[in-house]
Structures are given as C-alpha cells and as structure tokens.
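Presented below is the structure to which this report refers.
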Amino acid sequence: MLHARVVKRLPHFTLEAEIRCPAGAVTVLTGPSGSGKSTLLRLLAGLDDPDEGVIGLGDAVWRDTAAGVRLPARRRDIGLVFQDYSLFPHMTLARNVAYAAVDAGYADELLALFGIRHLAGAKPAAMSGGERQRGAICQALARRPRALLLDEPFSALDAATRLALRAQLLEVRDRFGIPIVHVTHDLAEAAQLGDVILSINGGRLDPDWFDRQLDVHLREQGALLARRGIDWAGGGPEPGGQDADGPTACRGRERPARRPSALPAGFAGAPKARASSPPEDHAV
Amino acid sequence: MIPATLAATAADPDVLFSIQLTLRVMAVAIPLLFVFGVPLGYLLGRGRGRLVAVLDLTVSLPLVLPPMAVGFFLLLLLGRNGLLGGPLGKFAGIEIIFGFPGLVVAAVVSGLPLMVRPVQAAVRGDLTRFVELSAVLGKSSTETFVRVVLPHCRRSVAAGMFLAVGRALGEVGVSLLLGGDIIGRTNTVSLEIYNAVFSGQYDRAGYLAGLLCLVSLALTWLLKWTGRG
Numbered sequence: 001m002l003h004a005r006v007v008k009r010l011p012h013f014t015l016e017a018e019i020r021c022p023a024g025a026v027t028v029l030t031g032p033s034g035s036g037k038s039t040l041l042r043l044l045a046g047l048d049d050p051d052e053g054v055i056g057l058g059d060a061v062w063r064d065t066a067a068g069v070r071l072p073a074r075r076r077d078i079g080l081v082f083q084d085y086s087l088f089p090h091m092t093l094a095r096n097v098a099y100a101a102v103d104a105g106y107a108d109e110l111l112a113l114f115g116i117r118h119l120a121g122a123k124p125a126a127m128s129g130g131e132r133q134r135g136a137i138c139q140a141l142a143r144r145p146r147a148l149l150l151d152e153p154f155s156a157l158d159a160a161t162r163l164a165l166r167a168q169l170l171e172v173r174d175r176f177g178i179p180i181v182h183v184t185h186d187l188a189e190a191a192q193l194g195d196v197i198l199s200i201n202g203g204r205l206d207p208d209w210f211d212r213q214l215d216v217h218l219r220e221q222g223a224l225l226a227r228r229g230i231d232w233a234g235g236g237p238e239p240g241g242q243d244a245d246g247p248t249a250c251r252g253r254e255r256p257a258r259r260p261s262a263l264p265a266g267f268a269g270a271p272k273a274r275a276s277s278p279p280e281d282h283a284v
Numbered sequence: 001m002i003p004a005t006l007a008a009t010a011a012d013p014d015v016l017f018s019i020q021l022t023l024r025v026m027a028v029a030i031p032l033l034f035v036f037g038v039p040l041g042y043l044l045g046r047g048r049g050r051l052v053a054v055l056d057l058t059v060s061l062p063l064v065l066p067p068m069a070v071g072f073f074l075l076l077l078l079g080r081n082g083l084l085g086g087p088l089g090k091f092a093g094i095e096i097i098f099g100f101p102g103l104v105v106a107a108v109v110s111g112l113p114l115m116v117r118p119v120q121a122a123v124r125g126d127l128t129r130f131v132e133l134s135a136v137l138g139k140s141s142t143e144t145f146v147r148v149v150l151p152h153c154r155r156s157v158a159a160g161m162f163l164a165v166g167r168a169l170g171e172v173g174v175s176l177l178l179g180g181d182i183i184g185r186t187n188t189v190s191l192e193i194y195n196a197v198f199s200g201q202y203d204r205a206g207y208l209a210g211l212l213c214l215v216s217l218a219l220t221w222l223l224k225w226t227g228r229g
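Read top to bottom, the protein sequences are chains A and B.
FYI, in UniProt numbering the residues of the first sequence are 1 to 284.
FYI, in UniProt numbering the residues of the second sequence are 1 to 229.
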C-alpha cells in the first residue's frame, strides 16, 4: 500500500490530501486541470517536497517532515511515466530500457512482453506515440519497481492506441501486483482504469467531483446520441448515481469488481501472476 | 604576398614559435574550458538563488567589460602581490603572470562566457524532465550528468567550444596584460600580429592574420555543421 498524507503550499492554493493506493490496483487521480493531481504524483515520486506530511510504501517511510526523514527519488524504487519525455531521445529503445534494468535479460523480456522487441534498435524519434509510451512503461518496469506512477501517459495518443494501452496497463496491474497511481483528466480513462478513483479539486480531495463530471459527460453524450436518433439503452451507471457504500476511507470511489480486459497481442502468452480478486490491502 | 615571401615567413622561427605557443595554450585551455564551462553552464541553467545570479554575472563580465579592464583586474588578482597570486607564489611556487599560465588564464577567461551560454540555454526546458526521469530510475547525479545531460546537450557543448576557441585565439587585451607579450616567451599569434604591425613587418602580420582567419572560418563551418545535425 502506497500511502501519503501531505500538505503543499502552491502559488494559488494549498494541496492537502490523504491517499492510500493499494497494491495490485490502479488508483486514478483525476480532477480539473491545475487542481494539484500531478503535484501530488510528484510528491509521491520525490520530485517535489511536501511542506508537511508523511509518504511511504508499506512499512517503509519515504518522507516524514516531522521526523526529518527524506528518501531521494532515486532510492524510492518506483517507475514513472510522463506524458512526454519518457524516453531519452539519444538512446535506442533497448538502451532506454536497459538504462533502468536490473539485468539485460529482463529488459529484453519486457520488450517482448509489450510487443515492441522489433523496435529495440530504434530511437524514440522514429517510433509512434503508442510505441514510445509502451517503451516508457517497459523502462519504468525495468528496475522492478515497488510502485508505478503515471502522469497522463496516454493523453497525447489517438483513441485506438489509448484503448490498447489502457488494456495493457490493466495487464501490468494484474501481472506485477504493485500499486499503480495514474493521473488523468479523461473521465472515460478514469472510469475504465480506476480500481480506486480519487478526485482532486482545488488541491483537496473532492469525492463527488468525478460523479458530477460523469453526470455532465453522460448527459452530453446522451443529448448527442438523441440528436442523431440513436436510442441509448443505458446499462451503465445511472448518471449522477452514488456508490451504495458512500465515500470510502480515502474518500475515493472504489470499483466493486474487476472486469476482464482484452488481451493485446503483446500479452498473448503472458501468464497471469495473480488472481483477479481484489488484494488484501485494498481496504479503502 | 608572393609565394617565396610566404614560404620564408612560414619558416621563420619566431613565427613558428608563436604558432606553437598558441597551440600549446589552446591544448591546455580547451580541456579547462570543457571542465569548467559545462558544469558551470549546467549550474547556471538549472540553479536558482542569489549565489547563482552573482556567478552568472561574474562569468558574463568578460563579454561586456573591455578586455584591457578585465586583464588589469586579473593582473591585480593574480600578480605577485595579488590576493590569489601572492599566496600561490609564496606557498606553491606557482607564478601565473608573464608566463605560459597567464596566457592559459587569459584564453579560459575570455572563452568561458561563450562556452557557458549555449550549455546554459540547452539545460533549460526539456532536460529537466529527463534529469527527473533518470533520478526516478535510480541514477546518481553524476551518472545522470554523464549519461543524460552531456549527450543531451552535446551539440551545445560543441557550439560553445567552437565559439570559445575562436574568441580565445583572437584574444589580445587580457593576454597582453597577463602574458606581458615577451618575445620568445609569451607572444602568441594574436600578439605577434600586433608586434609585426608595429615593427613594420606586414608580411608576417598578413600571414598570421590569414592563418587566424582560416581557423576562424573552419570553426564557423563546424559551428554551422553542429547546428544542422
């Protein structure tokens, strides 16, 4: 379980949040632009420092402002994927992944797993956006991280590639069983990926923001479909509906059951490392 | 200039000495420009605070101050009774002014701002993300610098080096005050052109000036080639 209770004073507002991100689950941080979700991710990664608070993984404490504990980013054993700049442009894909890898064989294994082994000798500039982000995930996983952090990694991709990569990320979740924190402002992405969905608005957790936005989004989609004469049978969540259990312990929104995901070609033979049931520490 | 005169000038031991001296000065100054210029550019490009601002201004001074003034202040600092030169001479037996070390200092000081600026510009922007990424991937600052920062700004380093070498080769004012223009000891090519003109040896001045122009043109071509990459 990756956990954080942080206060960070920013120029326009104060980020104040307490989150818990279970292992083997995707915790989505969503919210409007400039709400503090990427800052929170940077605090988890150790790239920014909180003014107050505690950040840790399991029993390990990465940052405790009161106790003066501060583990630098390079010792936190995490993988990080940015929207851009996730692969070093002067290295080939193989060297990018090997840069972080604990052993060369593992780097090769990851490339094969993500179906991009044939691009091993290519530089990022010669790869498509989707291939680059697959490579970036390989690089992030190459050091066998204890947590994976993703900052809007799919937002610059086309719809089809985004869908394929979302499916691969769910496979990563099931295969590696580590906490995954995924920042996105894309509601559909949040809904598809999030085992736990945490909304941040104006620097604070806003448990209802996601449902409110989803409500607006679904009404817009419904109106659009109606205008085109398409009958929307529904079947999904009722717009504006609340979880029966109400806000969870970390004031998030937890997906009740994991749904199957389409196996992309790169994962065709990949054994599943864990069952699809929620992890024990998923007590949020 | 007729070929016979050109050949005679080229074979002149004094001319050969000034060319060899300049090459020796550059052979020491170029590694020093790299060793000081790249980390300094990195620090000034990424650092913040008053100390960095003061350092930035200090490095830029040789660009804006008259070379004679820079040379004079360095003479006061590095002279036998200077703040730095005094202890260096007394305790380490190192004398900087009016010798080879003075010429090297002159070349480095005059070339440093031009070496630093391109690196400083290159390490701003995108590089921040790559440095952060490298840190998250478990790499130390040194490893990140060698494996990420240097390759990322290699073109800027090369461009800065060409500009700095061009400037250092043509440097007269600081070299004159720190080196003393002692014939057969500290008369670099630039100073030898000055000496030749004042002693009416226009063939010698023309030959050496042409040589410097050729080197400068070659450096300009290299600079353009670097930018094209």
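Virtual Cβ for every residue (Gly too), placed ideally from N, Cα, C.
Asked                                                                                                                                                                                   : Found
How many Å lie between Leu211 (chain B) and Gly111 (chain B) at the Cα?                                                                                                                 : 19 Å
With burial defined as no fewer than 16 other Cβ atoms inside 10 Å of the residue's Cβ, what is the status of Ile230 (chain A): buried or exposed?                                      : exposed
Looking only at its chain, what residues have a beta carbon closer than 6 Å to the beta carbon of Ala164 (chain B), apart from the 5 residues adjacent to it on each side?              : Leu33, Gly111, Leu114, Met115
Three-state secondary structure (DSSP) at Asp77 (chain A)?                                                                                                                              : coil
Which whole-angstrom value describes the C-beta separation of Arg173 (chain A) and Ala25 (chain A), a residue pair presumed to lie in contact below a C-beta threshold of 8 Å?          : 7 Å
Tell me which same chain residues have a C-beta within less than 6 Å of the C-beta of Gly173 (chain B), skipping the five on either side of it?                                         : Pro67, Met68, Gly71
What do you get for Arg48 (chain B), buried or exposed, if any count of 16 or more other CB atoms within 10 angstroms of its CB means buried?                                           : exposed
Let me make sure I understand the geometry here. Which of A:Arg76, A:Gly36, A:Ile19, A:Val28 has the alpha-carbon closest to that of Ala45 (chain A)?                                   : A:Arg76
Spell out a yes or no on whether the stretch 197-204 of chain A and the stretch 33-51 of chain A are touching, meaning 3 or more CB-CB pairs, one atom from each, closer than 8 Å.      : yes
To the nearest angstrom, how far is the alpha carbon of Val54 (chain B) from that of Leu77 (chain B)?                                                                                   : 18 Å
Taking Cβ-Cβ distances shorter than 9 Å, what residues in chain B pair up with Tyr106 (chain A)?                                                                                        : The contacting residues do not exist; Tyr106 (chain A) stays about 14 Å from chain B at best.
Residues bridged to Lys139 (chain B) by DSSP?                                                                                                                                           : BP columns for Lys139 (chain B) are empty, so no partner.
Ala100 (chain A) touches chain B at which residues, Cβ-Cβ below 8 Å?                                                                                                                    : Leu137, Gly138
Measuring alpha carbon to alpha carbon, tell me which residue in A:Ala164, A:Phe176, A:Ala142 is nearest Gly105 (chain A).                                                              : A:Ala142
Count the other C-beta atoms from every protein chain shown that fall within 10 angstroms of the C-beta of Arg80 (chain B), then say buried if there are 16 or more, exposed otherwise. : exposed
Return the Cβ separation of residue 369 (chain A) and Val181 (chain A) in integer angstroms, given the expectation that the two are a contact with Cβ distance under 8 Å.               : Here chain A comprises residues numbered 1 to 284, so residue 369 (chain A) is not present and cannot be evaluated.
Under a three-way DSSP split, which group does Gly49 (chain B) fall into?                                                                                                               : coil
Using a Cβ-Cβ cutoff of 9 Å, what residues of the stretch 146-172 of chain B are near chain A? List them in chain order.                                                                : Arg147, Val148, Pro151, His152, Arg154
By DSSP's criteria, Ile19 (chain A) is part of a beta bridge. Which residues make up the other side?                                                                                    : A:Ala4
Listing by chain order, which chain A residues have their CB less than 8 Å from the CB of Leu133 (chain B)?                                                                             : Leu80, Phe82, Tyr85, Ser86, Phe88
Within the same chain, show all residues whose beta-carbon is closer than 7 Å to that of Gln83 (chain A), passing over the 5 residues directly before and after it, in chain order.     : Asp151, Glu152, Pro153, Ser155, Ala156
Provide the residue span of the beta strand (DSSP E) that contains His182 (chain A), from first to last.                                                                                : 180-183
Ile200 (chain A) lies in the beta strand (DSSP E); which residues open and close that run?                                                                                              : 196-201
Would you please verify whether the beta carbon of Leu47 (chain A) is less than 8 Å from any beta carbon of chain B?                                                                    : yes
Could you work out which residues of chain B lie near Arg143 (chain A), taking near to mean beta carbons separated by less than 7 Å?                                                    : Leu137, Gly138
State the CB to CB distance for the pair residue 298 (chain A) and Val136 (chain B), rounded to an integer number of angstroms; the pair is presumed to be in contact (CB under 8 Å).   : Residue 298 (chain A) lies beyond the stretch modelled for chain A, which goes from 1 to 284, so this question has no answer here.
Are the C-beta of Arg124 (chain B) and some C-beta of chain A separated by less than 8 Å?                                                                                               : no
Would Glu132 (chain B) be called buried (16 or more neighbouring beta carbons within 10 Å of its own) or exposed?                                                                       : buried
Could you pull out every residue in the same chain whose Cβ sits closer than 8 Å to the Cβ of Thr186 (chain B), ignoring the five residues on either side in sequence?                  : Leu21, Phe98, Gly99, Phe100, Gly102, Leu103, Ser175, Gly179, Gly180
Can you tell me which of B:Leu223, B:Leu222, B:Ser190, B:Phe145 puts its alpha carbon nearest to the alpha carbon of Tyr207 (chain B)?                                                  : B:Ser190
Taking Ala73 (chain A) as the query, report the chain B residues whose CB atoms sit under 7 Å from its CB, ordered along the chain.                                                     : Ala135, Val136
Quick check on the burial criterion: 16 or more other C-beta atoms within 10 angstroms. Buried or exposed for Gln221 (chain A)?                                                         : exposed
Counting only C-beta atoms, is Arg129 (chain B) closer than 8 Å to chain A at any point?                                                                                                : yes
In chain order, which beta strand (DSSP E) runs of at least 3 residues are fully inside the stretch 35-101 of chain A?                                                                  : 52-57, 60-64, 78-81
Run the CB neighbour count on Val216 (chain A), radius 10 Å, all protein chains shown included, and call it buried at 16 or more, exposed below.                                        : exposed
From what residue to what residue does the alpha helix (DSSP H) around Ala191 (chain A) run?                                                                                            : 187-193
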